[in-house]
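One structure is given below, encoded as C-alpha cells.
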Amino acid sequence: MKIALYGRPGLDEQVAEVRQLLDAFLKANATLWVYGPLLCLFEGEEAFEGKFSVFSEREALPEKLDFFVTIGGDGTLLDAVDWVGERQIPVLGINFGRLGFLTSAVPSKVREAVDNLMHGRFVIEKRSMIRLHAEPGLFGRVPYALNEFALHKKDSSSMIRIKTLINGEVLNNYYADGLIVSTPTGSTGYSISCGGPIMLPDAATFVITPVAPHNLNVRPVVVRDDAEITFEIEGMGHQFLASLDSRMETIDATYTLKVTRNSFGFQLVRLNDYTYLRSLRNKLLWGIDKRN
Numbered sequence: 708m709k710i711a712l713y714g715r716p717g718l719d720e721q722v723a724e725v726r727q728l729l730d731a732f733l734k735a736n737a738t739l740w741v742y743g744p745l746l747c748l749f750e751g752e753e754a755f756e757g758k759f760s761v762f763s764e765r766e767a768l769p770e771k772l773d774f775f776v777t778i779g780g781d782g783t784l785l786d787a788v789d790w791v792g793e794r795q796i797p798v799l800g801i802n803f804g805r806l807g808f809l810t811s812a813v814p815s816k817v818r819e820a821v822d823n824l825m826h827g828r829f830v831i832e833k834r835s836m837i838r839l840h841a842e843p844g845l846f847g848r849v850p851y852a853l854n855e856f857a858l859h860k861k862d863s864s865s866m867i868r869i870k871t872l873i874n875g876e877v878l879n880n881y882y883a884d885g886l887i888v889s890t891p892t893g894s895t896g897y898s899i900s901c902g903g904p905i906m907l908p909d910a911a912t913f914v915i916t917p918v919a920p921h922n923l924n925v926r927p928v929v930v931r932d933d934a935e936i937t938f939e940i941e942g943m944g945h946q947f948l949a950s951l952d953s954r955m956e957t958i959d960a961t962y963t964l965k966v967t968r969n970s971f972g973f974q975l976v977r978l979n980d981y982t983y984l985r986s987l988r989n990k991l992l993w994g995i996d997k998r999n
C-alpha cells in the first residue's frame, strides 16, 4: 500500500507521536513517501534511514497513491487540497491540532488508526468543493477549495459593498467587512464563527454568510450548490482580499468573480469508530451539563 505523510513545521512537541506513526506504517509494510520538512524532526537519527522516499513537491509523489495522511489540525488537512488536486486520493487527517472537525484520528491512538486504515476499517466521504472563476485568473493551478471562498476588506477602512447575484438575479447588496460562501464541510469553519448554520456534509448546498454586516436584518442564506454566484465589489479602499481556504490574493474592483460547485470533490477518510454527528457533539460540547 502506497501512502504519503504530510505535516507542517511546528510538531517539535509531538516528535514521539510522529515517530510512532512512522514506525506503525513501516511495521504494516506500507510503502511510504514522507514530506521533506518532517524529517527535520529526526535530524541525526538513523532509525528511519533508507526506509521511505521523500517528497517536497506534488510531482514527486507516485501517480498511483492509495492514501494521503496529514499530521496536524484542519489547516494542515486543507493543504491536501493542493497536494492531491484532481487525482481523487483519499485523505486521512490525524489531529495534532486543536478543534479538528476534519481530522478523525488522535495522536494517542495512531497505532489503532494505522491498523484500521491498513485493514479497510474506514469509509470514504465524498465532500463537495467550491470553485472560483476569476478574470483575471487567481490562485494558479488550484482555484478551488474544500471549506470556503471569502471576500474581505484589506485594511481597517470602512466597510465594502458586495453586490451578489444568484444565477444572474440580484440577491443583495451586502455592506459588510466581507462575505463568505461556504461548502457544507466549511460550515463549521469561518462561516460558523460569523453566525452561519451547520450543514451536514452530504447536503448539496452552499451558505452565503456576511462578515459583520452593517444592516442587522441581513442573515446567512442557504442556496443550492448547482447555482452560479457572482460578485461585484467596491469600497473606499482600492484593494480587497479574496481567499480560498487559507490561501489569499489581493484583488481590485476590476475583477469579475463567480463561484460554482467544483467538477470534482474531495475524498475524506473516516475511520469506523468516528462519525460526523459524534464529532459535532464532542467538539461543540452538546448535551454536556457543567452542573453535573
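Per our numbering, residue 708 is the first one in the sequence shown, and the count goes up by one each step. We put the beta carbon where it would ideally sit given N, CA and C, even for glycine.
Burial state of residue i (16 or more Cβ within 10 Å)
{"i": "glycine 994", "result": "exposed"}
{"i": "methionine 836", "result": "buried"}
{"i": "threonine 777", "result": "buried"}
{"i": "leucine 886", "result": "buried"}
{"i": "lysine 833", "result": "exposed"}
{"i": "alanine 911", "result": "exposed"}
{"i": "valine 830", "result": "exposed"}
{"i": "proline 769", "result": "exposed"}
{"i": "aspartate 781", "result": "buried"}
{"i": "serine 811", "result": "buried"}
{"i": "valine 821", "result": "buried"}
{"i": "leucine 984", "result": "exposed"}
{"i": "asparagine 969", "result": "buried"}
{"i": "serine 815", "result": "exposed"}
CB of residue i within 8 Å of CB of residue j, strictly
{"i": "proline 850", "j": "leucine 858", "result": "no"}
{"i": "aspartate 952", "j": "glutamate 855", "result": "yes"}
{"i": "phenylalanine 971", "j": "isoleucine 958", "result": "no"}
Same chain, Cβ closer than 6 Å to residue i, five either side skipped, listed in chain order
{"i": "threonine 967", "result": "Arg838 and Glu935"}
{"i": "threonine 1012", "result": "A query on residue 1012 cannot be resolved here, the shown segment of the chain reaching from 708 to 999 and no further."}
{"i": "glycine 921", "result": "The sequence shown places histidine at residue 921, not glycine. Taken in chain order, the residues that qualify are Met866 and Tyr882."}
{"i": "valine 722", "result": "Leu748"}
{"i": "arginine 818", "result": "Ala731"}
Sequence-distant residues of the same chain with beta carbon closer than 8 Å to residue i, five excluded per side
{"i": "valine 877", "result": "Lys870 and Thr871"}
{"i": "leucine 718", "result": "Val725, Leu745, Leu748, Ile778, Gly779 and Phe803"}
{"i": "glycine 903", "result": "Ile887, Ser889, Ser894, Val914, Thr916 and Pro927"}
{"i": "leucine 772", "result": "Lys709, Ile710, Ala711, Trp740, Arg794 and Ile796"}
{"i": "valine 798", "result": "Phe774, Phe775, Val776, Thr777, Leu784, Ala787, Val791, Phe973, Gln974, Leu975 and Val976"}
{"i": "arginine 988", "result": "Gly994"}
Whole-Å CB distance - residue i paired with residue j, under 8 Å assumed
{"i": "methionine 906", "j": "valine 914", "result": "6 Å"}
{"i": "glutamate 956", "j": "leucine 845", "result": "5 Å"}
{"i": "valine 925", "j": "asparagine 879", "result": "7 Å"}
{"i": "threonine 937", "j": "lysine 965", "result": "4 Å"}
Beta-carbon contacts of residue i that lie in its chain and below 7 Å, excluding the five residues immediately before and after
{"i": "phenylalanine 808", "result": "Asp781, Thr895, Ser986 and Lys990"}
{"i": "alanine 960", "result": "Ile940 and Glu941"}
{"i": "glycine 944", "result": "Lys860, Lys861, Asp862 and Ser864"}
{"i": "asparagine 898", "result": "Going by the sequence as given, residue 898 is serine instead of asparagine. Result list for serine 898: Glu855, Ile887, Ser889, Val914 and Thr916, in chain order."}
{"i": "aspartate 980", "result": "none"}
Touch check for the segment 760-768 and the segment 727-734: three-plus C-beta pairs under 8 Å? no
query = Is it a yes or a no for the segment 921-933 touching the segment 813-827, going by three-plus beta-carbon pairs under 8 Å?
reply = no
*Tell me, please, whether the segment 782-792 touches the segment 711-720 by the rule of three or more beta-carbon pairs shorter than 8 Å.*
yes
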